[in-house]
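In the working numbering, the protein residues as written are 53 to 376. Remarks on the structure that follows.
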Amino acid sequence: MVLPHDYAERVYAGVLGKIIGVYLGRPFEGWSKERIEQELGEIRYYVNEKRGVPLILIDDDITGTFTFLRALPDHGNNLDLTPEQIGYTWLNYIIENQSILWWGGMGNSTEHTAFLRLKAGVPAPRSGSCTLNSKVVSEQIGAQIFIDGWAMAAPNDPALAVDLARRAASVSHDGEAIYGAQVIAAMESAAFGESDLNRLLDIAVGFIPADSIIYRMIAELRQLRTNEPDWRNAFEWLREHYGYDRYGGGCHMIPNHGLIMLSLLWGDDDFQKTMMIVNTCGWDTDCNAANVGCLMGIKSGLAAFEGGPDWRGPVADRLYLPTV
């Protein structure tokens, strides 16, 4: 693999974009758009002080992303890495009931369910399968949350990124959750060499089934963008057709993946506007903003954070990764 000449900067910017997104969206995670607008207004900068919480906190969206990636060096950076080996990495580094995951219980938290399967001797990918854990549990958002690192390990190689994403996501997820993770991974990998959003989307959807919900939703959002200039109206359309009321569980992949795509399509390739949209709309704000921030950081490098408020100063390159 030949690395891009500016690989280090783009990875740095991708990581920065991810943690900025987490810290920006975390204080109002799970809120509705209406509550956000009423209590905070449009989200244009960190609101942690207004909410009375620290900016820098331990967060599963960050710890899982960079801990699970340790499977690569732990297994000799072998590109034939298997889901089973990535599952071993879970067992090797996760401190049960304390670190990395949301410990919501079997059948409630997708990652906790998968961890308990692995601990009981069920190997990946069966540990995350729909057959074993149910469609609802296996299609929650986590597969997408933790996928950025695999894309950054496969710059300019979306086919490899998609394959690594499938293997990593299948430890805990299945079905549409894997497709959503693959779309993010493909876009981020391709963004090391391609800056046009529509081209990135074309590349990404080429790797998932054309009859999947994720594929159809992206196509419909792209079509909607051709005649609907207002992101607020686009969100109402998304909420009506792919909202939380249509899918089970606490935090399903499909609505949140749709919101990521919406923010990118209506964000006009501007970090400030895109982050404002993805956070103001609500739902899983820290997770969605993290994926968006990572992609935009990779795509534009450190220039992504210029021309607006000081995103980098308060963060000061800080993140926590508590593991064994």
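Yeah, the Cβ is synthetic: ideal placement off N, Cα and C, and Gly gets one too. Computed from a predicted model, the values in this text were never measured in an experiment.
Quick one: give me the first and last residue of the alpha helix (DSSP H) that residue i is part of.
i	result
C182	182–185
V214	210–221
W318	305–318
F118	112–120
F323	323–332
H293	283–294
I75	A small fix is needed here, since residue 75 is Tyr in this sequence, not Ile. Unbroken alpha helix (DSSP H) run through Y75: 59–77.
E228	228–242
P125	123–126
Q275	265–277
P366	364–367
N250	249–257
W202	200–204
E280	Segment: none, E280 is in no alpha helix (DSSP H) and carries neither H nor E.
G100	The residue you asked about is not Gly; residue 100 is Asn in the sequence shown. Per DSSP, N100 belongs to the alpha helix (DSSP H) from 100–103.
Just confirm the distance between the C-beta atoms of residue i and residue j, as a whole number of angstroms; I'd bet it's less than 8 Å.
i	j	result
R274	L133	Rounded, the Cβ-Cβ distance is 33 Å, inconsistent with contact.
K171	L143	7 Å
A211	A221	Contact flag wrong, Cβ pair sits at about 16 Å.
F323	G360	7 Å
I110	Y372	5 Å
V235	I260	6 Å
F198	G116	4 Å
Could you tell me which residues DSSP pairs with residue i in its beta bridges?
i	result
Q137	For Q137, which the question treats as bridged, DSSP gives no partner whatsoever.
G159	Paired residues: none, contrary to the question.
S84	G334
Q192	H304
Please identify the residue among the options whose C-alpha is closest to the C-alpha of residue i.
i	options	result
I193	L184, L55, G227, M328	G227
G204	G66, V344, L354, S352	Note on identity: in this sequence residue 204 is Met, with Gly being the wrong assignment. The candidate whose alpha carbon is nearest that of M204 is G66.
N250	A262, P261, I270	I270
A206	I350, R364, V376, F357	I350
I329	N343, C303, G295, R284	R284
V63	K85, K102, F118, I110	F118
L276	N308, L68, K102, H293	H293
N149	S179, F244, T165, W335	T165
A217	L124, D58, Q90, L371	L124
Y267	G295, H309, D200	H309
K325	V367, F357, S186, I255	F357
R87	A342, W335, V367	W335
Y231	V189, E101, V257	V257
L252	L316, I265, E272	L316
A286	D297, G319, D254	G319
V189	I255, G159, W202, D263	G159
G82	G173, G93, A355, C303	C303
G201	M53, D369, A355, A342	A342
V367	D254, E272, Y97	Y97
R178	R103, P135, S151, W155	P135
W155	D112, S186, D362	D112
If you measure between the beta carbons of residue i and residue j, is that distance less than 8 Å?
i	j	result
A238	A213	yes
I146	I114	no
N208	S161	no
G73	D338	yes
G345	M327	yes
L311	N279	no
L107	I95	no
M305	Q196	yes
F80	V99	yes
T332	K85	yes
G353	P56	no
M313	G69	no
P281	G295	no
G128	A176	no
R21	T141	The requested residue 21 is not part of the displayed model; the chain covers only 53 to 376.
G180	H225	yes
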